[in-house]
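According to my numbering, the sequence shown holds residues 15 to 223 in order.
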Amino acid sequence: FSCTPSDAFKIRSFTFYNEQNILMTSVKLCEIDECKRRAATLCHHCHKDVCKKHFNEHADSLNDELHPLTDQINELATKLSALSSSYITQQSYALLDEWRNGSCQLIEQLYQLKKHEIDVLVNDNFIEIKNEKEKVIRSLEENIKKFIRDDDVTHDAIEEMKETLRNVDKQIAELKDSFIHVQTSTVHIDKNCVIIHSRFLSHHNQKCK
């Protein structure tokens, strides 16, 4: 196989052209739009291959984000510093007081309702029953006056009036002490009516395990 000087030149030109193409295709360019510079490194901010100029710009951008973070850290530190155990205690006491006042209010409402029921029962029935007993007493008085006036009374009549007096006396005692029967039951309140716990403490204990 032999080649002429012209063929040798063509071979050398073809080889140089291919080497140039390989070199150009192996060089990475900056992936930022419209930038033609060679890529210098991978930017972990945008996850692109970028040139030094754009890498520095991204680094400056990250530094700019530190200032708002510093402000937020200071704000959180101020909030935490202002938070005291007395505030937590008083806030919890307030909730406990709210429960107590609500429970007392329910009892007070029931108390007033039952007082009204007593008033209605007395107003509608007591006076009527009392008047009936007064009629019996007045009747006995008239009978005694008649017996005295007529001077005519028997042993049976006397015993009958005594029995009537005993019955009326018993009924008056019942009217006084037992006209209204108030039956109450114990209000069942135990420690489980109010549960005290802290989800933060539980979380803390879990982290410490």
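Glycine included, every Cβ here is placed at the ideal spot set by N, Cα and C.
Practice item. Would you mind sorting PHE214 into buried or exposed? The rule is 16 or more other CB atoms within 10 Å of its CB. Key: Residue mapping note: residue 214 aligns to position 200 of the sequence shown, counting from 1. When all chains shown are included, PHE214 counts as exposed.
Check your understanding: Around the Cβ of CYS17, are there at least 16 other Cβ atoms within 10 angstroms (buried) or fewer (exposed)?
Key -> The residue given as residue 17 occupies position 3 in the sequence shown. With a pLDDT of 47 at CYS17, under the threshold of 50, the modelled position of that residue is not reliable, and no figure is offered here.
Exercise for review: Check whether the Cβ atoms of THR55 and VAL64 lie closer than 8 Å to each other.
Suggested key: Within the sequence shown, residue 55 is the residue found at index 41, counting from 1. Within the sequence shown, residue 64 is the residue found at index 50, counting from 1. In contact: THR55 and VAL64 (Cβ atoms closer than 8 Å).
Exercise for review: Round the Cβ separation of ILE141 and VAL182 to the nearest angstrom and send it over; I've been treating them as touching at under 8 Å.
Suggested key: The residue you call residue 141 lines up with position 127 of the sequence shown. The residue you call residue 182 lines up with position 168 of the sequence shown. Beta-carbon to beta-carbon, ILE141 and VAL182 are separated by about 17 Å, too far to satisfy the 8 Å threshold.
Check your understanding: Are there three or more Cβ pairs, one per stretch, closer than 8 Å when the segment 117 to 130 is compared with the segment 162 to 171?
Key -> no
Review point. Who are THR55's beta bridge partners in DSSP?
Key: For the purposes of this step, residue 55 is identified with residue 41 of the sequence shown, where counting begins at 1. Note: THR55 sits in a beta bridge opposite VAL64.
Point to revise | Range of the contiguous alpha helix (DSSP H) that encloses ASN157 | key: Position 143 of the sequence shown holds residue 157. Per DSSP, ASN157 belongs to the alpha helix (DSSP H) from 141 to 164.
Practice item. Going by CA-CA distance only, name the one from ARG163, LEU135 and ASN157 that's closest to LEU189. Key: Position 175 of the sequence shown holds residue 189. It is LEU135 whose Cα lies nearest to the Cα of LEU189.
Practice item. Inspect the CB distances between the segment 93 to 107 and the segment 188 to 202 and report whether three or more fall short of 8 Å. Key: no
Check your understanding: Name the DSSP beta bridge partners of LEU43, please?
Key -> Taking the sequence shown and counting its residues from 1, one reaches residue 43 at position 29. Looking at the DSSP assignment, LEU43 forms a beta bridge with ARG52.
Check your understanding: Between the C-alpha atoms of ILE162 and GLU148, what's the straight-line distance to the nearest angstrom?
Key -> The residue labelled residue 162 in the question sits at position 148 within the sequence shown. The residue labelled residue 148 in the question sits at position 134 within the sequence shown. Between ILE162 and GLU148, the alpha-carbon positions lie close to 21 Å from each other.
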